[in-house]
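For reference, the structure discussed in these notes is given below.
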Amino acid sequence: MERAVISFVVNRIGDQLMEEAIFLKEVRPRIERLHRDLKAINCFLEAADAKQEEDPRVRNWVSDIRDVAYDAEDVVDMFILKAEALRRKIFVKRIFQKPVYLHNLGKKIDEIQTNLHDISRRREILGIKNIGVGTSTSSQMLQNLRRTTPRAEKHVIVGLNEEANKLVEQLTTGDPRRRVVSIVGMGGIGKTTLAKKVYNHSRVMDHFQSCRVWVYVSEDCRPRNIFQQILNQLLHNPKQIEKLQENELEDLLHEHLEEKRFLVVLDDIWKSDDWKCLARVFPEESNGSRLLLTTRNKDVALQADARSVPHDMQLLSEEEGWKLFCRTAIPDNVTDGCPPELKEFGEKMVKKCAGLPLAIVVLGGLLSSKKQLPTMWEEVFNKLRVHFAARNGVDAILSLSYIDLPHNLKSCFLYLGLFPEDQVISKRTLLLLWMAEGFVPQQDEQRLEDTAEDYLNELINRNLVQAVAVSVNERVTECRIHDLVRDLCIKKAKEQNFVEIQKDIVSLPSTTSSFPFTKSRRLGIYLDLERYASREHSTPYIRSLFFFLLQRSPHSRYYGILSWLDFIYKYYKLLRVLDLGNVKIYEPPNSFGKLVHLRYLRLTAHRYSNCPPSCLGSLQDCVNFPTSLDELRSLQTLDICISKGTPTMIEKMKNLRHLFLSYDREDDKPLRIDNLRNLQTLSGIWFSDWQQNDTSDLTSLRKLKIKMDDAIVVEFSNSIAKLENLRSLYLKASHFSGVPSFDMSSLLHLSKLHMERSIGQLHEFPPNLTQLTLEDTELDYDPMVILEKLPKLLTLRLRMWSYRGWEMQVSADGFPQLKILQLSDLYGPTKLLIIEKGGMSNLTQLQIFRSVLDIYGLGELLHLKRIDVIDISPHSHRWISSLPCSSEWQDIRRRKKARIYGTYTANDSWGYMQQHKKIDFR
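If you count by the numbering used here, then the sequence shown holds residues 5 to 926, one letter each, in order.
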């Protein structure tokens, strides 16, 4: 990972030499020499990286290099901070202070240079040779992965059928009283995998059809958060619960579960005390309700239900372990076998895993990235033996998998340790953070965003990261990591001063008013803001600051009062990443404008009417953003949700690549964005502001979301047509204005289009459109006549009030490429969909959500594999008779009476939709 650190510092210093050439002229030669020396020593680090696990002397040498690189980065960044402050001062002060700044900078660079030369001399003693630049094949490997994204589900479950059937029996039969069924076993043994298999079993889904919930508990159990997670899955409008106290949440949840037969899965519960805190909200009715627990602690299971025998997870047998290994180590393996020349080393490595599924899967992921040659597998086996000598079991395999990562992936991997245990992580957010941190280098003409996505795909292919949700074109949209993998991230990150997590203010001595000193570069705060801000901080090295607020109280909506936020600039002047998205802000302080190194900033503001009464007197316009933010000219990503005023300071942020806005525009303050030449994502701009910009300069823009107010069709059409690289367009209008109808046939690169609100007449669509969503468009004529002619359309979604008529007809050659059709919330009279023979010939998935339909022609759809339906009247399903296995559906209809919530697949006839699983069709 040190190579990544050095590379970043080298590039950082090089960039500053270009930007500060005039200001630095007296010390420029010394900075250039430091730049050259760091660049040269980076060539030796790959050889050192391979040795440091075996030789503590090499490990110390690498650590010294990292420290020197960090020192160099600190010196340069602090100088730039002072230089920016100096520019704002009057001329006379600049004349006297500049020589002092330059003299101090020169002295510090000389000290770093001396240390660097001493480290270089020690390299020769340790026998570390220059292996050359660019010898790693990681770049080429990532290129080969281009757009080959992992699937959401990998069918590598082995040996759980018998256990699953026993648990299904316990959950669905027997004692009518509320019982607790527990799965017990060590970390990585497959408790969650088994629980998911049971949770998705058709008998379980049928038995608990009215109420099934899954929540992650984790070691850091927060009862309030758990109650909120459950209610979020049960209530139609979960926002109403944000203000409730914990006891009010308990009462609401208890009341909601009463008289229901429920199944609640509490995954990864650690302590008996945690169970006691959670148990009281679950009613003890005699209606067959169940709780399913997964835990490493058998005492938890016995405490939860002394009458129920916990299910002890067993390690895999040799045969099962071998089958799992072959499926993960050999890509596209359909035989569960292994090439004969690899079998000897494969069996030896599987034996080392001792039947632990996580160890086998991670080992398989490591080997899947290698060539299938005996020499390569022997090399991995030899390294594995070394690690097993120092560590046990899964720790050894995880450690080896980390060491085997290309250097540019190590930083990306360790970064995942910042996020709370079991948290689902947005791909978009993660990739933007990696870019802001400097982990993603520019590679020829490839976009940074594409390179970052390749990095994530490689981590998933190595089974170090789990894909949670995948889009229709099989690109991962959400991910997470196993808690044992997260433990490795945190351990390695702390060793390298890469990440630190602060989550326990109680453990500090009462006489201590400050947090311990740390040299970590990134800080994750799991405390409430008010308590954290009240302490002293010795953290001058921090580059990234996150507030996750796991200890959120019902009053957390009031966090972000001005006086509480000033501490950020006071203690963290060199920040590159500041994420306050979980903090409700009422007024960002002016000092934020002095954080000149910021590349990523996420803020959420709220109207002053929501402020606590004690603040109202001084916060009349507290949601206006300070103009000082226009000094943040290094920003790449700005994500701001404000309630009043146009953020005019944005026009000076010329390095912005991704801009996410929510604001109330003002007529006298237009938002200027036409000089943001690097902008690739623009979300939330009002059209009245958009039309006042010369959009022909936004040649890099790929994603655009516009809020329509008063749009003139010609002007609107011309402004969009200028965006030659536009890939995704979202048009949202008010109920009064509507979306203007215009010819989009000239938008040759546009592949995604979402139109919300009335559009009047459908015109020509982009010829390369692959995804189309119409929502609340209020069409009173059959849209299929026009839409079926789109030659490349893969996904069509007709959502709430998109069509007010009653009949839609698809002709014999209509929708030649369509794979997914979604009809959602089409209220009003029963709709009739007629599909002529030959129409929608490639349709594989049909989704009908809260809509009453009669469909003719489904029997002709030879590729149809899945039908999802949610909450629709069974009386409207005459079309079911045209499906194969229609008798199974009729049986389901009788059992479920008036509500239907199910899934049909071509392989296993009718079953039930997986409520917990996120289906993402973006």
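Positions of the beta carbon are idealized from the N, C-alpha and C atoms, including for glycine.
Among 202, 258, 759, whose alpha-carbon lies nearest the alpha-carbon of residue 804?
Against the sequence shown, residue 804 aligns to sequence position 800. Residue 804 has its Cα closest to that of 759, out of 202, 258, 759.
What do you reckon, are the CB atoms on residue 308 and residue 297 nearer than 8 Å?
As a position in the sequence shown, residue 308 is number 304, starting the count at 1. As a position in the sequence shown, residue 297 is number 293, starting the count at 1. Contact flag set, yes.
Could you name the residues of the same chain whose beta carbon sits closer than 7 Å to that of residue 927, not counting the 5 residues immediately before and after it, in chain order?
Lying outside 5 to 926, the shown extent of the chain, residue 927 is not represented and no answer is given.
If I measure Cβ to Cβ from residue 674 and keep anything under 6 Å in the same chain, skipping five residues before and after, which residues do I get?
By one-based count along the sequence shown, residue 674 stands at place 670. Around residue 674, the same chain offers 693, 696 as residues with beta carbons nearer than 6 Å, after the five sequence neighbours per side are excluded.
Taking residue 71 as the reference, give the member of 788, 580, 123 with the closest Cα.
Taking the sequence shown and counting its residues from 1, the one referred to as residue 71 is at position 67. Of the candidates 788, 580, 123, the one whose C-alpha sits nearest the C-alpha of residue 71 is 123.
Pick from 752, 426, 818, 823 that is closest to residue 221, judged by C-alpha positions
To locate residue 221, count along the sequence shown from 1; it is residue 217. Checking every option, the nearest Cα to that of residue 221 belongs to 426.
Could you check whether residue 771 and residue 795 sit closer than 8 Å to each other, using their CB atoms as the reference points?
By 1-based counting over the sequence shown, the position of residue 795 is 791. By 1-based counting over the sequence shown, the position of residue 771 is 767. Yes; because the gap between Cβ atoms is below 8 Å, this pair is in contact.
Taking the DSSP output, what are the residues bridged to residue 812?
Counting from 1 along the sequence shown, the entry for residue 812 is found at position 808. Beta-bridge partners assigned by DSSP to residue 812: 837.
Only counting the same chain, and skipping five residues up and downstream in sequence, which positions put a Cβ closer than 7 Å to that of residue 431?
Along the sequence shown, one-based indexing puts residue 431 at 427. The beta carbon of residue 431 sits closer than 7 Å to the beta carbons of 460, 480, 481, 482, 483 from its chain, once the five residues preceding and following it are set aside; these are given in chain order.
Quick check: residue 660 and residue 633, are their CB atoms within less than 8 Å of each other?
The count along the sequence shown starts at 1 and reaches residue 660 at position 656. The count along the sequence shown starts at 1 and reaches residue 633 at position 629. No, these two residues do not count as a Cβ contact at 8 Å.
Looking only at its chain, what residues have a beta carbon closer than 6 Å to the beta carbon of residue 485, apart from the 5 residues adjacent to it on each side?
Position 481 of the sequence shown, counted from the first residue, corresponds to residue 485. Closer than 6 Å at Cβ, skipping near neighbours: 420, 469.
Please report the straight-line C-alpha distance between residue 13 and residue 175, rounded to a whole angstrom.
Along the sequence shown, read from residue 1 onward, the residue named residue 13 stands at position 9. Along the sequence shown, read from residue 1 onward, the residue named residue 175 stands at position 171. Going by the C-alpha atoms only, they are around 57 Å apart.
Within 10 Å of its beta-carbon, does residue 216 have 16 or more other beta-carbons around it, so buried, or fewer, so exposed?
By 1-based counting over the sequence shown, the position of residue 216 is 212. So residue 216 counts as buried.
Is the CB-CB distance between residue 404 and residue 418 below 8 Å?
Looking up residue 404 in the sequence shown gives position 400. Looking up residue 418 in the sequence shown gives position 414. The Cβ atoms of residue 404 and residue 418 lie no closer than 8 Å to each other.
Selection from 314, 40, 239 that minimises the alpha carbon distance to residue 167
Translated into the one-based positions of the sequence shown, residue 167 becomes position 163. Closest by C-alpha distance to residue 167, out of 314, 40, 239, is 314.
Using a Cβ-Cβ distance cut-off of 8 Å, determine whether residue 420 contacts chain D.
Here chain D cannot be found, since the structure has a single protein chain.
Compute the beta-carbon to beta-carbon distance between residue 818 and residue 844, rounded to the nearest angstrom, for a pair I have assumed lies under 8 Å.
As a first step, residue 818 must be located in the sequence shown, where it is residue number 814. As a first step, residue 844 must be located in the sequence shown, where it is residue number 840. In this structure residue 818 is in contact with residue 844, their Cβ atoms being roughly 7 Å apart against a cut-off of 8 Å.
Please report the straight-line C-alpha distance between residue 391 and residue 385, rounded to a whole angstrom.
Translated into positions along the sequence shown, residue 391 becomes position 387. Translated into positions along the sequence shown, residue 385 becomes position 381. The alpha-carbon separation between residue 391 and residue 385 amounts to approximately 10 Å.
Stretch-stretch touch, CB-based, cutoff 8 Å, three pairs: the stretch 203-210 with the stretch 317-326:
Verdict: no, contact absent.
Run through the DSSP bridge pairs and tell me what residue 655 is partnered with.
Here residue 655 corresponds to residue number 651 of the sequence shown, with the count starting at 1. None, per the DSSP bridge assignment.
Inter-residue Cα distance where the pair is residue 422 and residue 507
Translated into the one-based positions of the sequence shown, residue 422 becomes position 418. Translated into the one-based positions of the sequence shown, residue 507 becomes position 503. Annotation: residue 422 to residue 507 spans about 12 Å, alpha carbon to alpha carbon.
Can you tell which of 582, 110, 434 has its C-alpha closest to the C-alpha of residue 638?
Translated into positions along the sequence shown, residue 638 becomes position 634. Taking each of 582, 110, 434 in turn and checking the Cα distance to residue 638, the smallest one comes out for 582.
Would you call residue 780 buried or exposed, if buried means 16 or more other Cβ atoms sit within 10 Å of its Cβ?
As a first step, residue 780 is located in the sequence shown; it is residue number 776 there, counting from the start. Under this definition residue 780 is a buried residue.
Which residue from 218, 68, 234, 178 puts its Cα closest to that of residue 196?
Locating residue 196 in the sequence shown gives position 192, where the first residue counts as 1. From the listed residues 218, 68, 234, 178, the smallest Cα separation to residue 196 is found for 218.
May I ask you to check if the CB of residue 235 is nearer than 7 Å to at least one heavy atom of the ligand HEM?
The ligand HEM is absent from the structure shown, which contains no ligand whatsoever.
Are three or more beta carbon pairs between the stretch 484-504 and the stretch 183-200 nearer than 8 Å?
Short answer: they touch.
Under a Cβ-count criterion, where at least 16 other Cβ atoms within 10 Å of its own Cβ denotes burial, should residue 867 be classed as buried or exposed?
What you label residue 867 is simply residue 863 of the sequence shown in a count that begins at 1. With a threshold of 16 other beta carbon atoms within 10 Å, residue 867 falls short and is exposed.
In the DSSP assignment, what are the bridge partners of residue 608?
Here residue 608 corresponds to residue number 604 of the sequence shown, with the count starting at 1. Residue pairing by DSSP places residue 608 opposite 588, 645 in a beta bridge.
Have a look at residue 62 and residue 735 and give me their C-alpha separation to the nearest angstrom.
To locate residue 62, count along the sequence shown from 1; it is residue 58. To locate residue 735, count along the sequence shown from 1; it is residue 731. Approximately 57 Å, taken between the alpha carbons.
Residue from 578, 670, 15, 708 with nearest C-alpha to residue 663
Taking the sequence shown and counting its residues from 1, one reaches residue 663 at position 659. The shortest Cα separation from residue 663 among 578, 670, 15, 708 belongs to 708.
Here's the rule: buried if 16 or more other CB atoms are within 10 angstroms of the residue's CB, otherwise exposed. What is residue 302?
Taking the first residue of the sequence shown as 1, we reach residue 302 at position 298. Counting every other CB atom within 10 Å of its CB across the protein chains shown gives residue 302 a total below 16, marking it as exposed.
Helix, strand or coil at residue 111 according to DSSP, with G and I counted as helix:
Locating residue 111 in the sequence shown gives position 107, counting from the first residue. In the structure shown, the three-state DSSP call for residue 111 is helix.
Would you mind working out which of 369, 701, 214, 269 sits nearest residue 260, comparing C-alpha positions?
If you number the sequence shown from 1, residue 260 lands on position 256. Considering only 369, 701, 214, 269, the residue with the shortest C-alpha distance to residue 260 is 214.
Considering Cα atoms alone, identify which of 462, 370, 287, 750 is closest to residue 330.
Position 326 of the sequence shown, counted from the first residue, corresponds to residue 330. It is 370.
Tell me the rounded alpha-carbon separation between residue 114 and residue 77.
Translated into positions along the sequence shown, residue 114 becomes position 110. Translated into positions along the sequence shown, residue 77 becomes position 73. Cα atoms of residue 114 and residue 77: separation of roughly 14 Å, rounded to the nearest angstrom.
Go ahead and label residue 414 buried or exposed: buried means 16 or more other beta carbons lie within 10 angstroms of its beta carbon, across all protein chains shown.
Position 410 of the sequence shown, counting from 1, holds the residue named residue 414. Classification of residue 414: buried, given that the 10 Å Cβ count is 16 or more.
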